[in-house]
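Residue numbers (this note's numbering), protein chains in the order written: chain G, 818 to 962; chain A, 7 to 219.
Just so it is clear, CB atoms sit at the ideal spot from N, CA and C, and this is done for glycine as well.
These numbers come from a predicted model, not from an experiment.
Below, the structure written as structure tokens:
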């Protein structure tokens with residue numbers, strides 16, 4: 818009985834620790850809702866760590882071009898992301914047209930893009946830290962200077 | 007004697023509390039200095055379109071020095087072919103800044119009016135161009151009485167402290183970061199408005215993070 822309890826405790830501890838690690842980077846959320854009858858509804862919530870891990874499996878030669886383009890802008894990107902992290906929630910861009918509404922904002926340490934038009938609504942939220950890490954990984958994929 | 011001692015101790019305590027309170031209030035005030043945002047709002051009434059951009063000045067202050075592209079390096083823009091060797095721009099600005107509020111330049115033509123003035127620590131430029139009809143879309147809806155009014159009106163208000171910070175140095179560089187820093191220390195203000203037919207552009211500074219003003 819005690820052995821079972823120890824096993825259960827061990828399993829629970831592992832699950833909690835794994836959950837903590839997986840959610841440490843936050844979550845990427847994507848929601849697409851087509852407004853037409855029978856339209857597609859997609860709602861996806863992924864641990865941001867998946868981006869990080871996923872990039873490890875992308876062949877480096879496929880990231881070489883992106884790495885070369887992004888590398889000169891790394892200091893700018895890092896400075897922008899750091900500043901966005903230290904700011905409170907901010908709506909950076911809002912575009913309102915007759916049939917469309919687009920916002921780009923930071924909410925709780927994530928960059929959030931919302932698009933609402935006649936055909937569909939799209940919501941994408943990505944933690945700033947995950948973007949920062951992903952960009953670092955992409956930049957590291959290019960040839961070393 | 008004992009009562010005097012007690013009174014003295016109470017007075018010392020009171021003075022201490024007042025001094026500590028004042029220090030705490032000062033610290034709180036310094037810590038709670040609100041973040042300033044620069045807002046750009048473009049409105050087109052005829053199309054029902056609105057574009058709003060809100061940028062924290064601290065973000066711009068941190069990001070601009072990291073950009074090294076074209077004439078922009080370390081937050082400074084190099085202005086190439088401007089010959090200002092014979093003009094002491096700083097002395098000129100200092101003279102204008104210390105002079106009383108005044109309208110310095112007024113140009114009136116048939117369809118255009120330009121005014122340059124100094125008022126309450128700001129440079130103010132007004133341009134009215136009655137002939138301007140730059141928006142192609144306006145030409146197509148001439149039958150629409152609602153948007154019949156033509157002409158362009160530009161109002162620019164820039165704090166003198168910002169202009170001082172922006173003035174080129176010996177290396178012919180404009181210090182953008184210093185200008186942004188001066189802007190964040192300036193009071194909330196409407197910097198630019200442009201009215202052009204059905205379009206309106208506004209640029210202003212305040213502490214709202216969503217440009218809801």
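Can you tell me where the beta strand (DSSP E) holding residue 205 of chain A begins and where it ends? 205-212
Which residues in the same chain have their Cβ closer than 7 Å to the Cβ of residue 918 of chain G, if we skip the five residues on either side of it in sequence? 933
Against chain G, which members of the stretch 66-80 of chain A pass a CB distance test of less than 7 Å? 68, 69, 72, 73
Within its chain, find whatever has a CB closer than 8 Å to the CB of residue 107 of chain A; leave out the 5 residues flanking it on each side and keep chain order. 123, 124, 125, 126
Between which two residues does the beta strand (DSSP E) holding residue 117 of chain A run? Residue 117 of chain A -> no beta strand (DSSP E), and no H or E assigned at all.
Interface flag, residue 54 of chain A vs chain G, CB-CB below 9 Å: yes
Cα-Cα separation, residue 936 of chain G to residue 57 of chain A: 21 Å
Straight-line CA distance for residue 200 of chain A to residue 208 of chain A? 7 Å
Tell me the residue span of the beta strand (DSSP E) that contains residue 136 of chain A. Per DSSP, residue 136 of chain A belongs to no beta strand (DSSP E) and is neither H nor E.
Rounded to whole angstroms, what is the Cα-Cα separation between residue 952 of chain G and residue 866 of chain G? 13 Å
Beta-carbon separation of residue 60 of chain A and residue 908 of chain G under 9 Å? yes
Minimum Cβ-Cβ distance from residue 194 of chain A to chain G less than 9 Å: no
Using a Cβ cut-off of 9 Å (strictly closer), state whether residue 895 of chain G contacts chain A. yes
Alpha carbon of residue 110 of chain A to alpha carbon of residue 958 of chain G, nearest angstrom: 59 Å
Rounded to whole angstroms, what's the CA-CA distance from residue 204 of chain A to residue 158 of chain A? Just pull it up for me. 10 Å
In the DSSP assignment, the beta strand (DSSP E) including residue 946 of chain G goes from what residue to what residue? Premise fails: residue 946 of chain G lies in the alpha helix (DSSP H), 945-957, not in any beta strand (DSSP E).
For the beta strand (DSSP E) holding residue 913 of chain G, just list the boundary residues, first then last. 907-914
CB contact below 9 Å: residue 843 of chain G versus chain A: no
Three or more C-beta pairs closer than 8 Å, one from the stretch 834-852 of chain G and one from the stretch 938-950 of chain G: is that the case here? yes
Can you find the residues in the same chain that come closer than 6 Å, C-beta to C-beta, to residue 881 of chain G, ignoring five residues on each side of it along the sequence? 959
Would you decide whether residue 14 of chain A is buried or exposed? Buried here means 16 or more other CB atoms lie within 10 Å of its CB. exposed
Name, please, each residue of chain A whose Cβ falls closer than 8 Å to the Cβ of residue 905 of chain G. 41, 215
Helix, strand or coil, according to DSSP, for residue 864 of chain G in the structure here? strand
Please work out which residues of its chain come closer than 8 Å, Cβ to Cβ, to residue 820 of chain G, disregarding the five sequence neighbours upstream and downstream, and give them in chain order. none
Please return the same chain residues whose Cβ sits closer than 7 Å to the Cβ of residue 1002 of chain G, not counting the five positions on each side in sequence. Outside the displayed range of chain G (818 to 962) lies residue 1002 of chain G, so it cannot be described from this structure.
From residue 168 of chain A to residue 188 of chain A, what does the alpha carbon distance come to, in whole angstroms? 5 Å
If I measure Cβ to Cβ from residue 875 of chain G and keep anything under 6 Å in the same chain, skipping five residues before and after, which residues do I get? none
Residue 128 of chain A, buried or exposed, once every other Cβ within 10 Å from all chains shown has been counted against 16: buried
Assumed close pair residue 843 of chain G, residue 924 of chain G - CB separation to whole angstroms, cut-off 8 Å: Residue 843 of chain G to residue 924 of chain G, Cβ: 11 Å. No contact.
Would residue 211 of chain A count as contacting chain G if we go by Cβ distances under 9 Å? no
Are the C-beta of residue 108 of chain A and some C-beta of chain G separated by less than 9 Å? no
For residue 190 of chain A and chain G, any beta-carbon pair shorter than 9 Å? no
Report the rounded CA-to-CA distance for residue 185 of chain A versus residue 95 of chain A, giving the unit in angstroms. 16 Å
Using only the alpha-carbon positions, how far apart do residue 852 of chain G and residue 861 of chain G sit? 18 Å
Since residue 877 of chain G is in the alpha helix (DSSP H), which residue starts that stretch and which ends it? 877-887
Which of helix, strand or coil DSSP assigns to residue 73 of chain A: coil
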